Amino acid sequence: MQRSVKASPFILFLLCTIAYANPTEILMYQLTQQGIGASIGTITVTATPQGTKFIPNLKQLSPGLHGFHIHQQPSCDSAEKKSNIVPGLAAKGHFDPTETGYHAGPEGTGHLGDLPPLIVDQGGKATTPVIAPRVKLNDLKGRALIIHASGDNFSDEPKKLGGGGARVACGIIE
Numbered sequence: 000m001q002r003s004v005k006a007s008p009f010i011l012f013l014l015c016t017i018a019y020a021n022p023t024e025i026l027m028y029q030l031t032q033q034g035i036g037a038s039i040g041t042i043t044v045t046a047t048p049q050g051t052k053f054i055p056n057l058k059q060l061s062p063g064l065h066g067f068h069i070h071q072q073p074s075c076d077s078a079e080k081k082s083n084i085v086p087g088l089a090a091k092g093h094f095d096p097t098e099t100g101y102h103a104g105p106e107g108t109g110h111l112g113d114l115p116p117l118i119v120d121q122g123g124k125a126t127t128p129v130i131a132p133r134v135k136l137n138d139l140k141g142r143a144l145i146i147h148a149s150g151d152n153f154s155d156e157p158k159k160l161g162g163g164g165a166r167v168a169c170g171i172i173e
């Protein structure tokens with residue numbers, strides 16, 4: 000004779016909580032012409048039913064909105080482009096596993112690496128979480144997180160890749 004087992008609502012809640020309680024902490028560093036600089040804090044990443052949540056605990060950034068992206072390669076090193084050394088360029092371009100080739104924001108159908116903008120307060124701190132609805136935790140492994148100098152309009156016009164500008168901070172996702 001087979002017995003059926005009923006799970007209590009508490010057990011189901013607990014299992015769901017455990018399934019989403021898998022945070023990853025990413026150490027973030029300033030990017031300089033000389034390479035990787037001082038630590039500016041961490042970003043904790045966790046899965047939620049709404050998507051992947053990025054919880055920054057950062058300091059020493061310029062106030063305002065900053066472009067924020069997952070980049071292809073797990074590197075924060077500088078690389079050369081047109082005879083110039085570019086901080087963080089070894090991370091390559093935005094993570095785009097389906098090769099869409101365009102920038103459309105975190106809810107669009109372009110690069111999967113497009114994240115909501117990072118908000119930095121007047122004191123240079125970023126603590127406001129953002130959620131990327133299309134990103135899964137497994138998408139992050141072996142990539143880099145990059146913070147850009149300026150905001151991001153999630154378009155390739157008038158400036159390519161949203162106009163975020165220079166790469167000012169980076170962290171490797173292991």
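Residues 0 to 173 in numbering that gives the first Met the number 0 are what the sequence shown spells out, letter by letter. Glycine included, each C-beta is placed from N, C-alpha and C at the ideal position. All values reported here derive from a predicted model rather than from experimental measurement.
(1) Compare the C-alpha of residue 75 against each of 145, 93, 94 and name the closest.
(2) DSSP three-state label for residue 30, please.
(3) Given a cut-off of 8 Å on the beta-carbon distance, is the pair residue 64 and residue 40 in contact?
(4) If distances are taken between C-alpha atoms only, which option among 68, 48, 22 comes closest to residue 143?
(5) Would you give the residue range spanned by the alpha helix (DSSP H) that residue 136 belongs to?
(6) At what residue ranges does the stretch 63-127 contain a whole run of the alpha helix (DSSP H), taking only runs of 4 or more?
(7) In terms of residues, what are the limits of the beta strand (DSSP E) holding residue 57?
(8) May I have the straight-line CA-CA distance separating residue 21 from residue 82, to the nearest angstrom?
(9) Per DSSP, what are the beta-bridge partners of residue 36 in this structure?
(10) Assign residue 144 to one of three DSSP states: helix, strand, or coil.
(11) For residue 150, which three-state DSSP category applies?
(12) Helix, strand or coil: which one does DSSP assign to residue 133?
(13) Can you name the start and end residues of the beta strand (DSSP E) that residue 164 belongs to?
(14) Just the Cα atoms here: how many angstroms apart are residue 99 and residue 66?
(15) Just the Cα atoms here: how many angstroms apart are residue 59 and residue 107?
(16) Is residue 109 buried or exposed, if buried means 16 or more other CB atoms sit within 10 Å of its CB?
Taking the geometry as given:
(1) Ranking the options by Cα distance to residue 75, first place goes to 145.
(2) strand
(3) A distance of 8 Å or more separates the beta carbons of residue 64 and residue 40.
(4) 68
(5) 136-139
(6) None, since the stretch 63-127 contains no complete alpha helix (DSSP H) of that length.
(7) Its beta strand (DSSP E) spans residues 50-57.
(8) 42 Å
(9) Bridge partners of residue 36: none, in fact.
(10) strand
(11) In this structure, residue 150 counts as coil in the three-state DSSP scheme.
(12) coil
(13) First-last for residue 164: undefined, no H or E at that position.
(14) 19 Å
(15) Here the alpha carbons of residue 107 and residue 59 stand approximately 30 Å from one another.
(16) buried
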